[in-house]
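Engineer: FYI, the numbering for the sequence shown is 465 to 1057, going by this note's numbering.
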Amino acid sequence: WGLAGLSVLLLGYWFITVYSRDPQLIWEPETIDFILFPFVTLLILYFTLREYGTFIVGFSVFWLIYLFFRGWVPEWVPVFGSGSDDTIWQNYSFIVQAGWIDTGGIFGAPLQIVAGKVLIFIVFGSVLMASGAGDLLLKIANRLTGGMIGGAAHAAVASSAMFGTLSGAAVSNVVSTGVLTIPVIKKSGFKSSFAGAVEAAASTGGQIMPPVMGVVAFFVAAEVGLDYRFIMIAAITPAAFYYFGVFLTVYFEARKSGIGPLPAAERPHLNGREYVQTLVFIVPLAVLSFYLLTQPSIPKAGFYGFIAAIVMSVILFPRFRSWKGLYTAFVEAGVMSAKIIIIVAMIGLIIGLMSYSGFTTRLAQELTAMADGPLFLVMVVIALGAIVLGMGLPPGATYFIIVIALSSGIDAVSVPSLSLHLFVVFFAVMSTVTPPVALAAFAAAPIAQADPIRTGWQASRLSVAGFLIPFVFIYHPAVLYKLQAIFVWLGDKPIKHKAMVDLSTVSWLGYGWIVFAFIISTWLISSALIGFERNRLFVLERMARVVIGLALLVPNHWVSLPALGIAIALIVGHRFLGGTPPSFDRIEAKQSV
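1) Looking at the structure shown, is Arg-1006 part of a helix, part of a strand, or coil, going by DSSP?
2) According to DSSP, is Phe-532 part of a helix, a strand, or is it coil?
3) Among residues of its own chain, excluding the 5 on either side of Arg-607, which ones have a beta-carbon nearer than 8 angstroms to its beta-carbon?
4) Just to confirm the assignment: which complete alpha helix (DSSP H) runs, minimum length 4, are found wholly within the region 625–664?
5) Do the CB positions of Ile-868 and Leu-884 come within less than 8 angstroms of each other?
6) Within this structure, are the beta carbons of Val-744 and Leu-780 separated by less than 8 angstroms?
7) Going along the chain, which unbroken runs of the alpha helix (DSSP H) with 4 or more residues stay wholly within the region 786–849?
8) Please name the residue in Met-1007, Leu-690, Ile-1030, Phe-767 whose C-alpha comes closest to that of Leu-882.
9) Between which two residues does the alpha helix (DSSP H) containing Pro-763 stretch?
10) Relative to the C-alpha of Lys-603, which residue among Gly-589, Ile-613, Met-626 is closest?
11) Apart from the five residues just before and just after Met-818, which ones in its own chain have a Cβ nearer than 8 angstroms to its Cβ?
12) Check whether the region 750–763 touches the region 554–570, taking contact to mean three or more Cβ pairs, one atom from each stretch, closer than 8 angstroms.
13) For Phe-996, list the residues DSSP reports as bridge partners.
14) Here's the rule: buried if 16 or more other CB atoms are within 10 angstroms of the residue's CB, otherwise exposed. What is Ser-595?
15) Could you tell me whether the region 925–943 touches the region 962–973, where touching means 3 or more Cβ pairs closer than 8 angstroms?
16) As a quick exercise: from Leu-853, Gly-476, Gly-611, pick the residue whose alpha carbon is nearest that of Ile-729.
17) Grab the span of the alpha helix (DSSP H) containing Asp-915 for me, first residue to last.
18) Taking Cβ to Cβ, would you say Pro-880 is nearer than 8 angstroms to Ile-807?
19) Can the beta-carbon of Ala-876 be found closer than 8 angstroms to that of Ala-835?
20) Out of curiosity, what's the CA-to-CA distance linking Ser-657 and Thr-986?
21) Once you ignore the five residues that flank Ala-847 on each side, which residues in its own chain have a CB closer than 6 angstroms to its CB?
22) Just the C-alpha distance for Val-521 and Phe-683, rounded to the nearest angstrom, thanks.
23) Between Leu-474 and the rest of its own chain, which residues show a CB-CB distance below 7 angstroms, the 5 nearest in sequence each way excluded?
24) List the endpoints of the continuous alpha helix (DSSP H) containing Val-1023.
25) Helix or strand or just coil, what does DSSP make of Met-673?
26) Among Phe-887, Thr-701, Pro-899, which one has its Cα closest to the Cα of Ala-664?
27) Cα separation between Leu-813 and Ala-902?
28) If I measure Cβ to Cβ from Tyr-945 and keep anything under 8 angstroms in the same chain, skipping five residues before and after, which residues do I get?
29) Give me the Cβ distance between Ala-929 and Phe-708, rounded to the nearest whole Å; I'm assuming they're in contact under 8 angstroms.
30) Would you kindly check if the distance between the Cβ of Ser-991 and the Cβ of Phe-716 is under 8 angstroms?
31) State the CB to CB distance for the pair Ser-1062 and Thr-668, rounded to an integer number of angstroms; the pair is presumed to be in contact (CB under 8 angstroms).
32) Taking Thr-713 and Ile-994 to be in contact with their CB atoms under 8 angstroms, please state how far apart those CB atoms are, rounded to whole angstroms.
33) Can you tell which of Ala-907, Glu-494, His-961, Arg-1006 has its C-alpha closest to the C-alpha of Val-662?
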């Protein structure tokens, strides 16, 4: 409370003396700026350390120290600014200018986007969760998937996908749903590390799940200059691909481990009242999606969704009819908003410092030089950068740092900017399940009582589709762009924007082919990683499945069509020559003992 009060006091005083005089936030640094900057920076560092750990704090402290002392670095040391004549005070002035005054600092684009467009969605999600919709989602997921092989794990996948439409934050999804789903997954017979990995992988997908997609999707819309609705539609097919991949991997692991459906007695049943209560999230999400699709104002769409959530919660859930229910929802929204404000302020600080260092310019020059080379190599370098940087950072931070640091280099890559930005987003998101620092897996591991690193590797294997999808939509643009035809159906003129491909160049035939090819490819690769389909797969058979699965995705029909023939032969051959599969009756009897 003391630190919160100090934050309000310092920034309140600054707001009155500076912002009220210059609402555009363009000013020359004054004495108050030089005094307040270190105090506010320390508060941001402290709150970030408490909520997000040491990596991002250490990353920002490195740039602060570097810029502060860069004039003391000898000329023979190959770093930016070495051997300069700048004094300590001049360096400090640069830091204040970069981190406090300029549009790339603490009050820069990340904070402005969150404050102007994102916070209303946090309130929207908090209202739905406080109403009791979260518990109902879990029950529905168990009802829908309990009869499948490995039903308990599929319930976690389904519930996390639905939770993702409300929050879009991997770690919070893990914490919210994992305490309920992970014990059930373990009880059904899965290993502890796999149970935690299922929840981590499923929750990670929430960050690419329309309509909310987490904070990072709003950043993309602002950076590429498109309405958010285009981002939302573009993400539909990749999100479906991702969850299909997780579903298949869980399915093959369940068959391998001899784990069948949930026993009938453990599958929840919905009564008539609960069926009606499903409207508490169906109606608000429908309202939100409608306004996001039909008009460009993101805050207005979020507001209408919020009002719908309030109305439906009051009507359908008695506990929400008191002021206590509303108070709980708004407190949760306030806490979540504060967490996001802290991290985006830190992102702005890092971006400002990196931009002033000259480091980002050098990186962009290197990427620009590479842009004339093989596209695949360029995309691999960007993917590795996003994964490595994202191992200790939230996806939004990773995205913004890479996009700002490599802005001119990214512009030089011969790929539509929406495709390229979503490519960065995907790999920033996938870093949350990539060891050695897999934030979502590390959040799930204690709940599952499993080793964090092992849980991380299992989550990476479950999420293998997520590592393929970005390359798929780079080489097969129809994945992102064909569904944009929905706006033409809604009465809009054909969309032409420099951030997207010419929609006349993508066809339904091409879209249908890559959807079909990806399904077969994911089937082959997922079964190969688990080592099981109907029965155990031999090593050579697993290797062949991976190679053929990747060949199916090659944008050359001289490669992909023969690969399809071999893929069918592998699947059919295993079905008829792979032996007798385990008996499902025996599996369920085994579980119920």
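Don't be surprised by glycine CBs; every beta carbon is placed ideally from N, CA and C. Bear in mind that the values here come from a model prediction, so they are computed numbers and not experimental data.
Structural biologist: In this structure, then:
1) Mapped onto the sequence shown, residue 1006 falls at position 542. Correct three-state label for Arg-1006: helix.
2) For the purposes of this step, residue 532 is taken as residue 68 along the sequence shown, with counting starting at 1. Here Phe-532 sits in helix by DSSP.
3) Working through the sequence shown from its first residue, we reach residue 607 at position 143. For Arg-607, same chain residues with a beta-carbon under 8 angstroms away, outside a window of 5 residues either side, are Arg-731, Pro-732, His-733, Leu-734 in chain order.
4) Assignment of alpha helix (DSSP H) within the region 625–664, counting only whole runs of 4 or more residues, yields 634–651 in chain order.
5) By one-based count along the sequence shown, residue 868 stands at place 404. By one-based count along the sequence shown, residue 884 stands at place 420. Between Ile-868 and Leu-884, the C-beta gap is not smaller than 8 angstroms, which leaves the two residues out of contact.
6) Translated into the one-based positions of the sequence shown, residue 744 becomes position 280. Translated into the one-based positions of the sequence shown, residue 780 becomes position 316. Yes, the pair counts as a contact, with Cβ atoms nearer than the cut-off.
7) For the region 786–849, whole alpha helix (DSSP H) runs of length 4 or above, ordered along the chain, are 787–821, 823–834.
8) Translated into positions along the sequence shown, residue 882 becomes position 418. Among Met-1007, Leu-690, Ile-1030, Phe-767, the Cα nearest to that of Leu-882 is on Leu-690.
9) Locating residue 763 in the sequence shown gives position 299, where the first residue counts as 1. Here the alpha helix (DSSP H) through Pro-763 covers 762–780.
10) For this step, residue 603 is matched to residue 139 along the sequence shown. Residue Met-626 is the option with its Cα nearest to Lys-603.
11) To locate residue 818, count along the sequence shown from 1; it is residue 354. Only Trp-527, Thr-824, Ile-865, Ile-868, Ala-869 meet the Cβ criterion.
12) Counting Cβ pairs under 8 angstroms, fewer than three are found: no touch.
13) As a working note, residue 996 is residue 532 in the sequence shown. In DSSP, Phe-996 forms a bridge with Arg-1000.
14) Position 131 of the sequence shown, counted from the first residue, corresponds to residue 595. Burial check for Ser-595: the Cβ neighbour count within 10 Å reaches 16 or more, so the residue is buried.
15) Output reads yes: the region 962–973 touches the region 925–943.
16) Looking up residue 729 in the sequence shown gives position 265. Checking the displayed sequence, the identity of residue 729 turns out to be Ala instead of Ile. Closest in alpha carbon position to Ala-729, among Leu-853, Gly-476, Gly-611, is Gly-611.
17) As a position in the sequence shown, residue 915 is number 451, starting the count at 1. Looking at the DSSP string, Asp-915 is not in any alpha helix (DSSP H), and its letter there is neither H nor E.
18) Taking the sequence shown and counting its residues from 1, the one referred to as residue 880 is at position 416. Taking the sequence shown and counting its residues from 1, the one referred to as residue 807 is at position 343. Taking 8 angstroms as the Cβ cut-off, Pro-880 and Ile-807 do not qualify as a contacting pair.
19) As a first step, residue 876 is located in the sequence shown; it is residue number 412 there, counting from the start. As a first step, residue 835 is located in the sequence shown; it is residue number 371 there, counting from the start. For the pair Ala-876 and Ala-835, the CB atoms are nearer than the 8 angstroms cut-off.
20) Reading the sequence shown from its first residue, position 193 is the one you call residue 657. Reading the sequence shown from its first residue, position 522 is the one you call residue 986. Going by the C-alpha atoms only, they are around 22 angstroms apart.
21) Translated into positions along the sequence shown, residue 847 becomes position 383. Correct list, in chain order: Phe-891.
22) Position 57 of the sequence shown holds residue 521. Position 219 of the sequence shown holds residue 683. A straight-line Cα-Cα distance of about 22 angstroms links Val-521 and Phe-683.
23) Working through the sequence shown from its first residue, we reach residue 474 at position 10. Same-chain partners within the cutoff: Leu-500, Phe-503, Val-504.
24) To locate residue 1023, count along the sequence shown from 1; it is residue 559. Residues 1021–1041.
25) Indexing the sequence shown from 1 puts residue 673 at position 209. Shown here, Met-673 sits in coil according to DSSP, grouped into three states, outside any helix or strand.
26) As a first step, residue 664 must be located in the sequence shown, where it is residue number 200. Checked all of Phe-887, Thr-701, Pro-899; the closest Cα to Ala-664 is Pro-899.
27) Here residue 813 refers to the residue found at position 349 when the sequence shown is read from its first residue. Here residue 902 refers to the residue found at position 438 when the sequence shown is read from its first residue. In this structure, the alpha-carbon of Leu-813 lies about 24 angstroms from that of Ala-902.
28) Start at 1 with the first residue of the sequence shown, and residue 945 comes out as number 481. Closer than 8 angstroms at the Cβ level, and outside the excluded window around Tyr-945, lie Ala-698, Met-964, Val-965, Leu-967, Val-970.
29) Taking the first residue of the sequence shown as 1, we reach residue 929 at position 465. Taking the first residue of the sequence shown as 1, we reach residue 708 at position 244. Correct: roughly 7 angstroms between the Cβ atoms.
30) What you label residue 716 is simply residue 252 of the sequence shown in a count that begins at 1. What you label residue 991 is simply residue 527 of the sequence shown in a count that begins at 1. Contact flag set, yes.
31) Residue 1062 is absent from the model: the chain starts at 465 and stops at 1057.
32) Here residue 713 refers to the residue found at position 249 of the sequence shown. Here residue 994 refers to the residue found at position 530 of the sequence shown. Cβ-Cβ separation between Thr-713 and Ile-994: approximately 6 angstroms, consistent with a contact (criterion under 8 angstroms).
33) Walking along the sequence shown from the start, residue 662 turns up at place 198. For Val-662, the closest of Ala-907, Glu-494, His-961, Arg-1006 by C-alpha to C-alpha distance is Ala-907.
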